[in-house]
Amino acid sequence: MNSRPVLEAAGLSTSFRARGGRVARAVDGVDLELGRGEIVALVGESGCGKTTLARTLLGLERPSAGQVLVGGVPLRYDGRALKAFRRRVQLVLQDPTGSLNPRHTVYEAVAEGLRVHGVAGDEQQRVVDALSRVGMRPAERYFLRYPHELSGGQRQRVVIAGALVLEPEVLVADEPVSSLDASVRGEILALLLQLRDELGLSVLVVTHDLGLAWNIADRIAVMYLGRIVESGPTEQVLADPSHPYTRALLSVVPESHHLEPVVLAGEPPDPTRMPAGCRFHPRCPQLASGEAAAAGVDGECRAGSLPVLPASKEHAAACFLSAARQGMLTD
Amino acid sequence: MTLLQLEDVSVTYRTADGPVPAVRGVSLELEAGSTLGIAGESGSGKSTVAATVLRLNPASATVTGRVLLDGEDVLGMNFGRLRAVRWAEASIVFQGALHSLNPLQKIGRQVAEPVLLHGQADTRRGADAMTRELLGQVGLPPRLASSYPHQLSGGQKQRVMIAMALACGPRLIIADEPTTALDVMVQAQVLDLLTALVHDLGVGLVVISHDLSVLGTTCDRLAVMYAGRVVEEGPSADVLDRARHPYTRALSAAYPTIGDPAARFAPRGLPGDPPWPGDLPAGCPFHPRCPEAVDVCRTEDVRLRPAAPGHQAACVHVAAEVTG
Ligand SMILES: Nc1ncnc2c1ncn2[C@@H]1O[C@H](COP(=O)(O)OP(=O)(O)OP(=O)(O)O)[C@@H](O)[C@H]1O
Ligand SMILES: Nc1ncnc2c1ncn2[C@@H]1O[C@H](COP(=O)(O)OP(=O)(O)OP(=O)(O)O)[C@@H](O)[C@H]1O
Ligand code: SF4
Ligand SMILES: [Mg+2]
Ligand SMILES: [Mg+2]
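Protein chains in written order, with the numbering used here: chain A, -18 to 312; chain B, 1125 to 1448.
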């Protein structure tokens, strides 16, 4: 059982009913594994389904197809099973303002999880430890503050402290440090690495910050319009991206100078209207430039069907062009 | 005339735990058609400065100093005048403002509301057309007008907030962490959009962000705050490439270069505790964490001094003889 991934998405899809009776396929066939003590970064453009995937993995949304597996066992959605699950798997939400109760002090916010789950022991000491770890020191001085009396970054740290106080096995964190300045950011990322090394914490971190992935992630999964389009070890994906979308993403990062910036044109993707063929084809620079045609795959790009990228630790991309090029290399 | 001028502004919050001096004597200037970036530590007072410009501070805050908008002191305005200013002249995109969207109302209605209120359009149809245009300006497809906020992703909501700030055609826009929730692609688009407003319409723009690379690409000038004060200020390129304050240097160093083996599994922070505003250390407030501190830093409360023409920093290592 220990060899099974702690958290796993198997053919996972989550849809919403959208305007005019249409269906928004926010997550549309995802295979993803999070191993024990592993840090995986999930990156991708705004609206591609990252938060929905994270929420589904936590049992906050019911999948419309596929399964969430916990240590190899399908997640059960009855109240007791979910409560036990939520002690082991903690969520840090994208927006700290929304996840803090405005009428709860910092102390109450951090202690709440301990109370809900009936954790025995010195509550105050646990709260102090959790707040200190996220850089809110001296912790006692923040106890009586309300969320509106904190800065944006301080609120986010309270949310992270509230998740860590339960000593979870898995942390799913949605943009956990994007509202923090560089110095606190570094401290919190270092803390995640330390918890992984010392306690075997597993982390799925949703982020648009590729530098963060470079700092802490073992693996990266790149999402586009409800699917994982590329995944693999961080070094390989960032040093040698295969999918045209990943390349475009990397090219606009201010810190990466070796790629010609590609600002993607075209309408942002709409999960109620999946393009035929490769979902990225309407915006793909490699298709537009004729590279795909030169490799003889342009027809497939527009109309072929791309298989779901399997959950594997190897570097792989769901792209006809990169598959054709790989084939040429191995032939 | 200078569009926005802050003179020795201080803001102190009353709390159960005593006073919190969040902003301590900040002076800044912004010309129409230019962009000022404010960077700094979390909790250093950036959002408090933003709120003070339109006097949107909570009742627990005491504000001193002067905030001049086109030469007129905002802190002395009566409420009617203040309201007119908030409508027609300046708007703020608040940090984390995604929550101020009404969950029960469609996006289009919410964007159309300020358009109608401010008389930018007389009819609902005119307002709808303008709403679609505003959504387009921030890179959102017009179809989102008929969605509810919970149907939008975080980044989409952030762009709706920017569209609403643009609705009344303000002359001054303050954007507090406008791109924090956005992916790099959309971030580049939003910053391009804000920059275009500055150049084409002569809008004055203040961008608050903890991300120096975001500010570097957008702003003419940059101010860095630490513990309620501006500790460095000057032309963006100078502040980024020739930082004179050790805190500014620490901030730039903390961002990893992708592909740099030294940063792999080694996130860099700034050691030591962030300052507690109610209980600041004597001398330079940064000295307990400063890698370059010398004895005098423990006692001398250093204020901004000229470091190069148009560039100042509050550090004892900045030679006092340079005059700018
Ligand atoms: N409750 C809902 N009803 C209808 N559509 C939804 C709902 N929640 C999300 N969506 C849509 O699903 C898509 C994915 O949204 P999601 O919040 O997962 O994106 P994201 O990748 O987290 O984006 P961001 O980086 O901006 O936070 C978006 O197009 C969004 O508009
Ligand atoms: N209403 C309030 N009552 C008491 N203290 C407050 C209040 N609002 C802010 N503070 C405190 O004032 C200081 C400055 O807060 P501010 O929100 O201006 O910081 P910031 O620079 O915007 O930080 P961030 O980057 O985290 O958003 C912080 O120490 C914060 O805890
Ligand atoms: S499959 Fe074709 S369209 Fe899709 S990313 Fe690859 S080259 Fe571009
Ligand atoms: Mg999201
Ligand atoms: Mg702030």
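All C-beta atoms, glycine included, are put in the ideal place defined by N, C-alpha and C.
Per-residue DSSP class, three states only, for residue i
{"i": "B:Gln1261", "result": "helix"}
{"i": "B:Pro1359", "result": "strand"}
{"i": "A:Tyr58", "result": "coil"}
{"i": "B:His1441", "result": "coil"}
{"i": "A:Ala101", "result": "coil"}
{"i": "B:Val1173", "result": "helix"}
{"i": "B:Glu1153", "result": "strand"}
{"i": "B:Met1254", "result": "helix"}
{"i": "B:His1435", "result": "strand"}
{"i": "B:Ser1333", "result": "coil"}
{"i": "A:Val49", "result": "strand"}
{"i": "B:Gln1080", "result": "Look at the range of chain B in this structure, 1125 to 1448, and you will see that residue 1080 of chain B is not part of it."}
{"i": "A:Thr227", "result": "helix"}
{"i": "B:Pro1143", "result": "strand"}
{"i": "B:Pro1405", "result": "coil"}
{"i": "A:Ser159", "result": "coil"}
{"i": "B:Ala1291", "result": "coil"}
Residue i: contacting residues in chain A (beta-carbon distance under 7 Å)
{"i": "B:Thr1255", "result": "Within chain A, no residue comes near B:Thr1255; the closest Cβ sits about 16 Å away, beyond 7 Å."}
{"i": "B:Arg1388", "result": "Trp195"}
{"i": "B:Gln1436", "result": "Simply none; closest approach about 21 Å."}
{"i": "B:Ala1312", "result": "Val233 and Val244"}
{"i": "B:Ser1277", "result": "Ser27, Gly28 and Thr32"}
{"i": "B:Gln1280", "result": "Ser27 and Gly28"}
8 Å Cβ cut-off: residues of chain A touching residue i
{"i": "B:Arg1148", "result": "Correct list: empty, because the minimum Cβ distance to chain A is about 15 Å."}
{"i": "B:Gln1129", "result": "Per Cβ cutoff of 8 Å: no residues; B:Gln1129 is ~25 Å from chain A at best."}
{"i": "B:Ser1215", "result": "The premise fails here: B:Ser1215 is roughly 19 Å from chain A at the closest Cβ pair, so nothing lies under 8 Å."}
{"i": "B:Tyr1137", "result": "Glu130"}
{"i": "B:Asp1141", "result": "Arg122, Leu125 and Arg126"}
{"i": "B:Gln1219", "result": "Gly133 and Ser160"}
Cβ pair residue i, residue j closer than 9 Å
{"i": "A:Val24", "j": "B:Asp1307", "result": "yes"}
{"i": "A:Glu121", "j": "B:Pro1391", "result": "no"}
{"i": "B:Cys1292", "j": "B:Ala1212", "result": "yes"}
{"i": "A:Leu182", "j": "A:Leu173", "result": "yes"}
{"i": "A:Asp12", "j": "A:Leu185", "result": "no"}
{"i": "B:Arg1256", "j": "A:Asn196", "result": "no"}
{"i": "B:Gly1189", "j": "B:Leu1199", "result": "yes"}
{"i": "A:Gly285", "j": "A:Cys259", "result": "yes"}
{"i": "A:Val73", "j": "A:Glu(-11)", "result": "no"}
{"i": "B:Ala1163", "j": "B:Leu1339", "result": "yes"}
{"i": "B:Met1309", "j": "A:Val210", "result": "no"}
{"i": "A:Arg3", "j": "A:Ser(-6)", "result": "no"}
{"i": "A:Val(-13)", "j": "A:Val151", "result": "yes"}
Proximal residues of chain B, C-beta to C-beta of residue i below 7 Å
{"i": "A:Gln135", "result": "Ser1166 and Gly1167"}
{"i": "A:Val87", "result": "Chain B residues near A:Val87: none, gap ~11 Å exceeds 7 Å."}
{"i": "A:Arg118", "result": "Asp1397"}
Residue i: contacting residues in chain B (beta-carbon distance under 8 Å)
{"i": "A:Ala220", "result": "Gly1383"}
{"i": "A:Glu19", "result": "Those do not exist, as A:Glu19 stays about 13 Å from chain B at its closest Cβ, beyond 8 Å."}
{"i": "A:Gly2", "result": "Simply none; closest approach about 13 Å."}
{"i": "A:Ser(-6)", "result": "Chain B residues near A:Ser(-6): none, gap ~17 Å exceeds 8 Å."}
Neighbour list for residue i in chain B, Cβ cutoff strictly below 9 Å
{"i": "A:Leu230", "result": "Asp1307, Val1308 and Met1309"}
{"i": "A:Glu241", "result": "Correct list: empty, because the minimum Cβ distance to chain B is about 14 Å."}
{"i": "A:Val325", "result": "Since the displayed chain A opens at -18 and closes at 312, residue 325 of chain A lies outside it and no answer follows."}
{"i": "A:Leu161", "result": "Ser1166 and His1334"}
{"i": "A:Leu41", "result": "Residues of chain B passing the Cβ test: none, with the nearest at roughly 13 Å."}
Contacts of residue i in chain A (Cβ-Cβ under 9 Å)
{"i": "B:Ser1270", "result": "Arg0 and Gly1"}
Using a Cβ distance threshold of 8 Å, determine whether the region 1297 to 1315 of chain B contacts the region 1323 to 1335 of chain B, with at least three qualifying pairs required. yes
Could you name the residues of the region 1154 to 1186 of chain B whose beta carbon sits closer than 9 Å to any beta carbon of chain A, in the order they occur along the chain? Ala1163, Gly1164, Glu1165, Ser1166, Gly1167, Ser1168, Gly1169, Lys1170, Ser1171, Thr1172, Pro1182 and Ser1184
Touch check for the region 157 to 164 of chain A and the region 1349 to 1361 of chain B: three-plus C-beta pairs under 8 Å? no
Residues from the region 176 to 189 of chain A in contact with chain B, defined by Cβ distance under 8 Å: His189
Taking Cβ-Cβ distances below 7 Å as the criterion, which residues of the region 1315 to 1337 of chain B are in contact with chain A? His1334 and Ser1337
Against chain A, which members of the region 1394 to 1420 of chain B pass a CB distance test of less than 7 Å? Leu1394, Asp1397, Pro1398 and Trp1400
Which residues, in order along the region 253 to 265 of chain A, keep a beta-carbon less than 7 Å from a beta-carbon of chain B? none
Can you list, in chain order, the residues of the region 20 to 38 of chain A whose Cβ is nearer than 9 Å to any Cβ on chain B? Val24, Gly25, Glu26, Ser27, Gly28, Cys29, Gly30, Lys31, Thr32 and Thr33
Anything in the region 69 to 80 of chain A with a Cβ closer than 9 Å to a Cβ of chain B? List those residues in chain order, please. Gln75, Asp76, Pro77, Thr78 and Gly79
Check whether the region 1253 to 1269 of chain B and the region 1226 to 1243 of chain B are in contact - that is, three or more C-beta pairs closer than 8 Å. yes
Taking only beta carbons into account, state which residues of the region 1354 to 1385 of chain B come closer than 7 Å to chain A, listed in chain order. Ala1374, Leu1375, Ala1378, Tyr1379, Pro1380, Thr1381, Ile1382 and Gly1383
Do three or more CB pairs link the region 1397 to 1412 of chain B to the region 1311 to 1326 of chain B at distances below 8 Å? no
Taking only beta carbons into account, state which residues of the region 199 to 212 of chain A come closer than 8 Å to chain B, listed in chain order. none
When the Cβ atoms of the region 1169 to 1176 of chain B are set against those of the region 295 to 307 of chain A, are three or more pairs found closer than 8 Å? no
Three or more beta-carbon pairs under 8 Å between the region 76 to 83 of chain A and the region 55 to 64 of chain A, yes or no? no
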